[in-house]
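Residue numbers (my numbering): 17 to 570.
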């Protein structure tokens, strides 16, 4: 019996010591026409400048990554044309808008997206976070979706941002964690003004969250019958001071239970340790990730976690407000707490002027070392009136992992020379050539910056790779939480199958391991949340393998 399915993509094996990283804007040629809509009328309502997210997903299970984009709508009345947009990948680098045929053309003031098979029926379901009621769409398996929000009891009435599906209690069913921001409605909007340094006049501006009361995140436990139950308080996750914008999954104490790291805006960050009994404990303060090194709560937005040094350690990157450096918390195995190494890894000064939302770790050049990408853009279109050195539209940031502990800014060298008002970002191999492409959502307060970006990875020469798709049998169908270890040459890499991360967005769940010049993988090991361990040896490079839980023992 075959224990995994192979779908090989052969590539050139002429490898240089360091590939020339290059991204090409493929938005127009791909057929993506999306422009984000905020419903802005000049009132400077805070949600208008905070959205929205994006996602790579394969909603029709044809092996090609599709694109889903959250969208805003008019405040009143809602316009039936302003809905999320779903673009199906036709397999030739082209996308077609299938929103209506998929029955996702539902007006909502969208913020974020998370995607997973919550009902374990082998297809991708979608959860939208909104200003107002969130929505859960069950995949019908025929390229259509059904709104099951009311039945599943996961709507809520808050201003929600990022979210993540994960199995909190290892029972095989995906639970749901939802970040909530502040208590806000158009009726309770607070008018904020700022004094211009240009003409000394006062202008209406977007407020900071400090003028609003925070809202607690929510935790919904999956009952296994299509319904969820709110267990926020019982799980120890009720905390109304958070003003939460980003969440990522990790296992920072290596105990086999998925933990949560949450980025909070102007409030201390959270680091929730999973106690393994259905409850969580916030250890952000004792673990050193709640504040900056000076003890200050920062304006934190997006968040990502990964083993960037291939040692089994954990790095947590958090995008912060302008004049606040992007955080780079790191703990190697055995460390008692994290330390912010932003300056030491050489991203501190480079990120100081940027206002960073989406953050993600991925291997842009397939050399086996995870790099860092950030989506940047200010919240105030007229920011130059009072901060003359910080623009509204900003370049994204691409920091290449040098393999010596430091990262190098290669943004412009990699062809990322277009400024935008970046919010969400995600990675995925949409053209099935083995390397990871980027999707960036831009905020639509000004029309010229509202286009989505599809950035195709054209790095040459291309290194070798192994792509791993997990399929749970005893555990959740997506294998979320599975820890995958790849040994090739002298390098051992570790990755976790995740939802969430970045800002209001989701990357593909298939894991990509860069192998550099290595043409084989000596060992592949998957540790599932169920406790099952699968092992394979001597795998050829440049293929995607689909690994089913427990299959290596059959």
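Glycine residues also receive a C-beta, built at the ideal position from the N, C-alpha and C atoms.
query: For residue 237, which beta-bridge partners are listed by DSSP?; result: 245
query: Could you tell me how far apart the beta carbons of residue 263 and residue 319 are, in whole angstroms, since I believe they sit closer than 8 Å?; result: 7 Å
query: Taking a contact to mean a Cβ-Cβ separation below 9 Å, would you say residue 391 touches residue 523 in this structure?; result: no
query: Just the C-alpha distance for residue 97 and residue 171, rounded to the nearest angstrom, thanks.; result: 22 Å
query: Please confirm whether residue 88 and residue 64 have their CB atoms less than 9 Å apart.; result: yes
query: Pull the bridge partners of residue 263 from the DSSP assignment, please.; result: 278
query: Is it the case that the Cβ atoms of residue 488 and residue 546 are separated by a distance below 9 Å?; result: yes
query: Specify, as a first and last residue, the run of the alpha helix (DSSP H) that residue 508 falls within.; result: Element bounds for residue 508: not the alpha helix (DSSP H) but the beta strand (DSSP E), 507-512.
query: Taking the continuous alpha helix (DSSP H) assigned at residue 43, which residues delimit it?; result: 43-46
query: Run through the DSSP bridge pairs and tell me what residue 151 is partnered with.; result: 144
query: What number of angstroms, rounded off, separates the C-alpha of residue 565 from the C-alpha of residue 504?; result: 22 Å
query: In whole angstroms, what separates the C-alpha of residue 511 from that of residue 525?; result: 11 Å
query: DSSP state of residue 480, grouped into three classes?; result: strand
query: Find out if the Cβ-Cβ distance for the pair residue 51, residue 466 is shorter than 9 Å.; result: yes
query: Could you check if residue 559 is buried or exposed, using at least 16 other CB atoms within 10 Å of its CB as the buried criterion?; result: buried
query: Per DSSP, which one or two residues make a beta bridge with residue 355?; result: 346
query: Closest to residue 251 by CA distance: which of 237, 260, 55 is it?; result: 237
query: Helix, strand or coil for residue 303? Go by DSSP, reduced to three states.; result: helix
query: Buried or exposed, going by whether 16 or more other CB atoms sit within 10 Å of the CB of residue 473?; result: buried
query: Buried or exposed for residue 191, please, with buried defined as at least 16 other CB atoms from any protein chain shown within 10 angstroms of its CB.; result: buried
query: Closer than 8 Å is the cut-off here; do at least three beta carbon pairs connect the segment 228-247 with the segment 192-205?; result: yes
query: Residues in its own chain within less than 8 Å of residue 569 by CB, not counting five upstream and five downstream?; result: 550
query: Expressed to the nearest angstrom, what Euclidean distance is found between the alpha-carbon atoms of residue 101 and residue 352?; result: 45 Å
query: Does residue 515 pass the burial test, meaning 16 or more other C-beta atoms within 10 Å, or should it be called exposed?; result: buried
query: Take residue 379 and list the residues in its own chain whose beta-carbon comes closer than 6 Å to its own, dropping the five residues that flank it on each side.; result: 386, 530
query: Measure the CB-CB distance between residue 187 and residue 240 and report whether it falls below 9 Å.; result: yes
query: Between which two residues does the alpha helix (DSSP H) carrying residue 330 extend?; result: Here residue 330 belongs to no alpha helix (DSSP H); instead the beta strand (DSSP E) covers 330-336.
query: Rounding to the nearest angstrom, what Cα-Cα distance links residue 45 and residue 425 in this structure?; result: 28 Å
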